[in-house]
Amino acid sequence: MKASGLAIWCFGLYFTFEFVASMGFSFVAALAVSAVLQVTLTATESFLWKRQVNAATIGALVVDAALNFLGMWETFKKIPATPSYQMLAGDFGLPATPPLIALVVVCLAASLFVARVAEPLFLGGFELRGRER
């Protein structure tokens, strides 16, 4: 579980890096800013996983998901142009270009997933019955 949590957190770091780098930062500066942002957001979100919900924890989750979304969006909007999507579209009768709202919803769901599950997986905070350890 720790490896899964760390891998998902690294995806969050990567997507934040993609967004920060798109703003014109150098590689090193974008990496540093992204790392500081992700560590700060993860520390702030940790109260949410401990069920100590307040405005700061909700805000951190929203900002984290937004950074993930903004970093993912460039990749997600190119999916319809990939040979894999075109093949699936032909096989299943899907439109050659999916509705924009479908891409936005999938990207939003992925960004919330990355923002939400990394730390609890890393710390072992999830149980099947939903009880805390």
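For the sequence shown, the positions run 29 to 161 when the numbering used here is used.
Beta carbons: idealized from backbone N, C-alpha and C, even for Gly.
For ALA84, the uninterrupted alpha helix (DSSP H) segment begins and ends at 83-104. Its Cα nearest to that of VAL48, the residue ALA94 stands out among GLU73, LYS30, ALA94, VAL132.
A straight-line Cα-Cα distance of about 37 Å links LYS78 and LYS106.
Inter-residue distance for LEU140 and VAL134 is about 10 Å (C-alpha atoms, whole angstroms). The criterion of a C-beta distance shorter than 7 Å is satisfied by PHE97 and LEU136. ALA137 carries a helical assignment under DSSP once its states are collapsed to helix, strand and coil. The alpha-carbon separation between ASN82 and LEU76 amounts to approximately 8 Å.
Between the C-alpha atoms of LEU128 and SER32 there is a straight-line separation of about 30 Å.
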